[in-house]
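Taking it in order: structure first as structure tokens, then the write-up.
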Amino acid sequence: MRLKIDDVRSRFIKHLGGEPGSVYASPGRINLIGEHTDYNGGFVFPGAVEQGMIAEIRPNGTRTIRAYSIDMKDYVEFSIDDEKGPRATHFRFIYGVVREMMALGVPVQGFDTAFAGDVPNGAGMSSSAALESCYAYAVNDLFGDNKIDKMTLAKVGQATEHKYIGVNCGIMDQFASVFGKKGNLMRLDCRSGEYEYYPWNPKGYKLILINSCVKHALVGSPYNDRRDSCERCVKAIKELHPEKEITTLREATWEELKEIEGKVSAEDIKRATFVLGEKDRVLAVCDALQEGDYETVGQKMYETHDGLSKDYEVSCEELDFLNDIAKDCSVTGSRMMGGGFGGCTINLVAEELYDNFIKTAVSEFQKKYGKKPIVIDVVIGDGARKLC
Numbered sequence: 005m006r007l008k009i010d011d012v013r014s015r016f017i018k019h020l021g022g023e024p025g026s027v028y029a030s031p032g033r034i035n036l037i038g039e040h041t042d043y044n045g046g047f048v049f050p051g052a053v054e055q056g057m058i059a060e061i062r063p064n065g066t067r068t069i070r071a072y073s074i075d076m077k078d079y080v081e082f083s084i085d086d087e088k089g090p091r092a093t094h095f096r097f098i099y100g101v102v103r104e105m106m107a108l109g110v111p112v113q114g115f116d117t118a119f120a121g122d123v124p125n126g127a128g129m130s131s132s133a134a135l136e137s138c139y140a141y142a143v144n145d146l147f148g149d150n151k152i153d154k155m156t157l158a159k160v161g162q163a164t165e166h167k168y169i170g171v172n173c174g175i176m177d178q179f180a181s182v183f184g185k186k187g188n189l190m191r192l193d194c195r196s197g198e199y200e201y202y203p204w205n206p207k208g209y210k211l212i213l214i215n216s217c218v219k220h221a222l223v224g225s226p227y228n229d230r231r232d233s234c235e236r237c238v239k240a241i242k243e244l245h246p247e248k249e250i251t252t253l254r255e256a257t258w259e260e261l262k263e264i265e266g267k268v269s270a271e272d273i274k275r276a277t278f279v280l281g282e283k284d285r286v287l288a289v290c291d292a293l294q295e296g297d298y299e300t301v302g303q304k305m306y307e308t309h310d311g312l313s314k315d316y317e318v319s320c321e322e323l324d325f326l327n328d329i330a331k332d333c334s335v336t337g338s339r340m341m342g343g344g345f346g347g348c349t350i351n352l353v354a355e356e357l358y359d360n361f362i363k364t365a366v367s368e369f370q371k372k373y374g375k376k377p378i379v380i381d382v383v384i385g386d387g388a389r390k391l392c
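Letter by letter, the sequence shown follows residues 5 to 392 in the working numbering.
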């Protein structure tokens with residue numbers, strides 16, 4: 005965690021007074037590979053990062069939460085029994101977590117809190133999941149005797165997004181924030197909830213994000229449209245094979261996809277082609293990592309970007325440009341990361357090529373688009389935890 009405890013504590017005392025409380029942290033995340041697969045029952049391969057959220061919390065013996073956002077310079081008080089909660093999104097995360105923990109039977113009481121984060125804005129590193137996981141972990145520790153298991157804590161964060169923020173997200177972001185382990189990536193099976201740690205120690209390589217700082221305004225609901233495409237393909241396969249139990253594209257085969265050509269649109273087939281290919285790529289990357297084969301890891305990253313750009317069509321000109329620069333600079337692997345239409349690329353770079361790649365990417369992007377992209381070195385860190 006790059007934020008320091010003192011950065012939060014000094015402001016906690018300044019704005020809330022009294023004695024210090026307990027300090028908790030929870031990270032943002034990267035996803036090496038496995039994009040748009042969570043809602044298709046597939047695999048994702050995230051890791052927690054050093055950047056995240058820190059919160060100081062002190063029970064106050066009332067039914068009221070007094071909260072100060074250090075980054076937003078905003079203060080609010082609300083009752084944990086209030087059916088509506090605060091309006092500001094950054095406080096609704098806390099409210100939602102508290103309400104969900106109460107619904108699980110945790111005897112939550114009021115508390116004073118201040119919080120801050122160092123997850124870069126717009127990079128798609130899930131600052132919201134970091135905030136949810138931080139408070140879920142803290143509430144479990146302070147009021148729940150740590151009786152709530154980690155997967156349930158992740159689901160508390162997910163439920164907060166669904167019910168209190170209005171974002172119908174998958175489980176990956178909260179999972180990575182809660183289960184993160186220093187020096188390890190995690191393969192999560194989004195269908196079963198099973199997961200496995202994979203050591204991440206790429207000697208001779210660096211993992212970096214290049215944030216385009218671009219977010220394109222979109223017409224309609226492109227994420228929902230893609231999900232609908234996937235569901236239409238599943239429905240068509242079911243109609244051809246009523247004996248088969250299939251609920252998501254995770255259970256579909258390449259042969260079945262070929263069979264439904266003409267029964268769904270060509271666009272739907274393109275979307276499903278990406279999803280089936282991405283499932284195979286995640287498993288291939290896991291195998292390659294166990295062999296220390298980073299060239300294959302990088303190749304699969306490029307294949308994922310190609311699929312996201314041409315088949316799933318969620319990339320954009322700026323991300324494709326950064327991906328092309330990576331190829332021109334002989335970067336081992338590069339792809340867009342996140343939902344798409346802006347954000348960042350994730351890049352696996354040989355150390356001897358690092359300086360030239362960064363210099364070239366920043367200068368060429370600035371020359372073409374008139375703005376400087378932000379470079380973020382990735383260090384894989386621990387998940388939600390108590391600091392003091």
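Even glycine gets a Cβ: it sits at the ideal position worked out from N, Cα and C.
Enclosing beta strand (DSSP E) for residue i [first to last residue]
i, result
"Met129", "Where Met129 is concerned, there is no enclosing beta strand (DSSP E), given that its DSSP letter is neither H nor E."
"Met57", "50-63"
"Asp78", "78-83"
"Ala120", "115-121"
"Val27", "26-35"
"Ala71", "68-73"
"Lys350", "The sequence shown places Ile at residue 350, not Lys. Ile350 -> beta strand (DSSP E) spans 346-354."
Bridge partner(s) assigned by DSSP for residue i
i, result
"Ile273", "DSSP output for Ile273 lists no bridge partner at all."
"Tyr99", "According to DSSP, Tyr99 bridges with nothing at all."
"Asp381", "Ile212"
"Ile329", "Beta-bridge pairing links Ile329 to no other residue."
"Met190", "Tyr201"
"Lys185", "Asn188"
"Lys376", "Paired residues: none, contrary to the question."
"Ser338", "Asn351"
"Lys219", "Gly346"
"Lys371", "In DSSP, Lys371 forms no bridge with anything."
"Phe47", "Asp193"
CA nearest to the CA of residue i, picked from the options
i, options, result
"Gln178", "Thr93, Gly38, Tyr141, Val27", "Tyr141"
"Cys217", "Gln370, His166, Asp78", "Gln370"
"His309", "Glu322, Glu299, Asn327", "Asn327"
"Val301", "Gly311, Lys207, Asp315, Arg285", "Arg285"
"Tyr209", "Phe361, His94, Asp10", "Phe361"
"Asp116", "Thr66, Leu192, His220, Gly374", "Thr66"
"Thr349", "Glu23, Glu355, Asn172, Val318", "Val318"
"Gly22", "Gly45, Pro31, Glu321, Asn64", "Asn64"
"Asp78", "Glu87, Asp122, Arg91", "Arg91"
"Tyr4", "Arg15, His220, Ser137, His245", "Given that the chain is displayed from residue 5 to residue 392, the structure contains no residue 4 and the question cannot be resolved."
"Lys390", "Ile61, Glu243, Arg15", "Ile61"
"Arg236", "Ile9, Tyr72, Leu253", "Leu253"
"Gly56", "His40, Ala127, Arg103, Tyr72", "Ala127"
"Gly45", "Glu355, Gly296, Lys283, Ser313", "Lys283"
Cut-off 6 angstroms between Cβ atoms - residues of its own chain near residue i, not counting five sequence neighbours on either side
i, result
"Asn150", "Asn144"
"Tyr139", "Ile98, Val101"
"Gly51", "Ile34, Leu189, Ile384"
"Ser130", "Gly32, Arg33, Asp177"
"Gln162", "Ile175, Gln178"
"Glu260", "Ile241"
Start-to-end residues for the alpha helix (DSSP H) that takes in residue i
i, result
"Thr308", "298-314"
"Lys240", "A small fix is needed here, since residue 240 is Ala in this sequence, not Lys. From DSSP, the alpha helix (DSSP H) with Ala240 extends over 226-244."
"Ser3", "Residue coverage of the chain in this structure runs from 5 to 392, which leaves residue 3 outside it and unanswerable."
"Val12", "9-20"
"Leu261", "258-263"
Sequence-distant residues of its chain with Cβ nearer than 7 angstroms to residue i (five each side left out)
i, result
"Val353", "Tyr209, Lys210, Ile212, Val335, Thr336, Phe361"
"Lys274", "Asp315"
"Tyr227", "Gly343"
"Lys167", "Gly100"
"Tyr201", "Lys185, Asn188, Met190"
"Lys88", "none"
"Glu263", "Leu244"
"Asp324", "Ser313"
Check: residue i C-beta below 8 angstroms from any heavy atom of the ligand FMN
i, result
"Tyr209", "For the structure depicted, the ligand FMN is absent and the ligand set is empty, with no information on it obtainable."
Same chain, Cβ closer than 8 angstroms to residue i, five either side skipped, listed in chain order
i, result
"Glu307", "Gly281, Arg285"
"Gln113", "Pro63, Asn64, Gly65, Thr66, Arg67, Ile84, Phe147"
"Gly358", "Residue identity differs from the one stated: residue 358 is Tyr in this sequence, not Gly. Contacts found: Lys210, Ile212."
"Met105", "Val112, Ala140, Val143, Asn144, Phe147, Gly148, Ile152, Val160"
"Thr156", "Leu108"
### Task
Kindly provide the ranges of any alpha helix (DSSP H) runs that are 4 or more residues long and lie completely inside the region 139-176, ordered along the chain.
Here the runs fully enclosed are 154-164.
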